[in-house]
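Visitor: If you read the sequence shown in the numbering used here, its first letter stands for residue 1, the second for the next number, and so on.
We put the beta carbon where it would ideally sit given N, CA and C, even for glycine.
Only a predicted model underlies this, so the values are computations on that prediction, with no experimental measurement involved.
This is the structure I want to talk about, given as structure tokens.
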Amino acid sequence: MARPHRICFPGAIYHITARGNAREAVYRVDCDRIEFLELLAHVLDRYSWLCHAYCLMGNHYHLVIETPLANLSLGMRQLNGLYARRFNLRHGRVGHVFQARFRSILVASDAYLLAVCRYVVLNPVRAGLCSHPQEWPWSSYAATAGMCPAAIPLALDRLLPQFASTRPLAQRRYQAFIAAGLDDALRDSVRGERLGDELFLRNDFGHPEPIPEIPRAQWLPVRPALDQLFALNERPVATAYRRYGYTLREIGAHLGCHYATVSRALRREEQQLRHDARPDTD
1 MARPHRICFP GAIYHITARG NAREAVYRVD CDRIEFLELL AHVLDRYSWL
51 CHAYCLMGNH YHLVIETPLA NLSLGMRQLN GLYARRFNLR HGRVGHVFQA
101 RFRSILVASD AYLLAVCRYV VLNPVRAGLC SHPQEWPWSS YAATAGMCPA
151 AIPLALDRLL PQFASTRPLA QRRYQAFIAA GLDDALRDSV RGERLGDELF
201 LRNDFGHPEP IPEIPRAQWL PVRPALDQLF ALNERPVATA YRRYGYTLRE
251 IGAHLGCHYA TVSRALRREE QQLRHDARPD TD
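Here it is in structure tokens:
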């Protein structure tokens, strides 16, 4: 049976997981995790990736990665391949370190980037390794919250402005957002191949509960004005509708046309996007 194509296009964001072969540990000692983070930092730089969140567990890891150059498999091949060789050398072993190939789930909307990043940093709590993500040193939580320097470069300029325009306030709201997910929310595993679909999110993550400290507007990405989107984007209708949540009627009012006309334009742009997306068969 042929394995499924990966959706690959410039600017795609993925929730990536890779597990140990036969569920064995991929990190036996802290030196393993340190080496993995050093390799990840190298891959981020070489392939121009942006890291929004990460968490290293015992027999697997989670990354939230953005690929401006549509080169996910190239970077993952180097990350997992180099790490596996060094892991085997350090521990005097041979054979596969990781089980099959990595798994990547496309994060289809900025509106759900926050939920995915929260899911990732709450993994140690879910696994019973700690009671709060601050206690787990092998994730991006503490650095994102401003509690310590980042071990690797993090794309905080994209994540934190979704909470507030100033860094200290954004970090406090980020901490509150993560804390709100401690007792609920995201299920123990993520199913499917695409995050961002409203029905999928409702079924698999549940409805996020409001956080009194965070205004509802701060939960969603800061939206550019429609005139700015139409001036700067190749596919402005799809960007405004899918990425920033404008309704067809709002877009139609901006353009001075009926929303049915906007709907037809949206279909054309999405067809072109699917045509341009290059399946990564690697």
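#1: Can you tell which of N88, S139 and W49 has the C-alpha that lies nearest to the C-alpha of N71?
#2: Judging by CA-CA distance, which residue of N123, L69 and F87 is the nearest neighbour of L182?
#3: Can you tell me whether DSSP reads G146 as helix, strand or coil?
#4: Just the C-alpha distance for V222 and P161, rounded to the nearest angstrom, thanks.
#5: Determine the burial state of V94: buried for a count of at least 16 other Cβ atoms within 10 Å of its Cβ, exposed for fewer.
#6: Please report the residue range of the alpha helix (DSSP H) in which C117 lies.
#7: Between which residues of its own chain and H258 is the CB-CB distance below 8 angstroms, once the five residues before and five after are set aside?
#8: I'd like the span of the beta strand (DSSP E) that includes A53, first residue to last.
#9: Tell me the residue span of the alpha helix (DSSP H) that contains R103.
#10: How is L285 classed by DSSP in three states: helix, strand or coil?
#11: Tell me the DSSP secondary structure of R77 in three-state form.
#12: Answer yes or no: do S140 and V125 have a C-beta to C-beta separation smaller than 8 angstroms?
#13: So, helix, strand or coil for A170, using DSSP?
#14: Assuming V64 is part of the beta strand (DSSP E), what are its boundary residues?
#15: How many angstroms separate the CA atom of R167 from the CA atom of A150?
#16: Which residue's Cα is closest to the Cα of I178: V97, A53, Y83 and S263?
#17: In three-state DSSP terms, what is T261?
#18: Tell me the rounded alpha-carbon separation between N21 and E135.
Guide: Considering the structure as presented:
#1: Numbered from its first residue, the sequence shown carries residue 71 at position 71. For N71, the nearest C-alpha among the options comes from W49.
#2: Along the sequence shown, one-based indexing puts residue 182 at 182. The option with the nearest alpha carbon to L182 is N123.
#3: Against the sequence shown, residue 146 aligns to sequence position 146. Residue state, collapsed to three classes: coil.
#4: The residue labelled residue 222 in the question sits at position 222 within the sequence shown. The residue labelled residue 161 in the question sits at position 161 within the sequence shown. Here V222 scores only 49 on pLDDT, less than 50, and its place in the model is too uncertain to base an answer on.
#5: As a working mapping, residue 94 is identified with position 94 in the sequence shown. It counts as exposed.
#6: Counted from its first residue, the sequence shown places residue 117 at position 117. Per DSSP, C117 belongs to the alpha helix (DSSP H) from L113 to V121.
#7: Position 258 of the sequence shown, counted from the first residue, corresponds to residue 258. G252.
#8: Taking the sequence shown and counting its residues from 1, the one referred to as residue 53 is at position 53. Looking at the DSSP string, the run of the beta strand (DSSP E) that includes A53 is L50 to L56.
#9: Translated into positions along the sequence shown, residue 103 becomes position 103. Looking at the DSSP string, R103 is not in any alpha helix (DSSP H); the run it does join, the beta strand (DSSP E), is R103 to V107.
#10: There is simply no residue 285 to check, as the chain begins at 1 and stops at 282 in what is shown.
#11: Taking the first residue of the sequence shown as position 1, residue 77 is located at position 77. R77 falls in the helix class under three-state DSSP.
#12: As a working note, residue 140 is residue 140 in the sequence shown. As a working note, residue 125 is residue 125 in the sequence shown. Against a cut-off of 8 angstroms, the Cβ pair of V125 and S140 comes out as no contact.
#13: In the sequence shown, counting from the first residue as 1, residue 170 sits at position 170. A170 falls in the helix class under three-state DSSP.
#14: Position 64 of the sequence shown, counted from the first residue, corresponds to residue 64. Per DSSP, V64 belongs to the beta strand (DSSP E) from H60 to T67.
#15: Taking the first residue of the sequence shown as position 1, residue 167 is located at position 167. Taking the first residue of the sequence shown as position 1, residue 150 is located at position 150. Near 15 angstroms, if we compare the C-alpha coordinates of A150 and R167.
#16: Numbered from 1 along the sequence shown, position 178 holds the residue referred to as residue 178. Among V97, A53, Y83 and S263, the Cα nearest to that of I178 is on A53.
#17: Looking up residue 261 in the sequence shown gives position 261. Helix, per DSSP.
#18: Working through the sequence shown from its first residue, we reach residue 21 at position 21. Working through the sequence shown from its first residue, we reach residue 135 at position 135. Looking at the two C-alpha atoms, the distance is approximately 27 angstroms.
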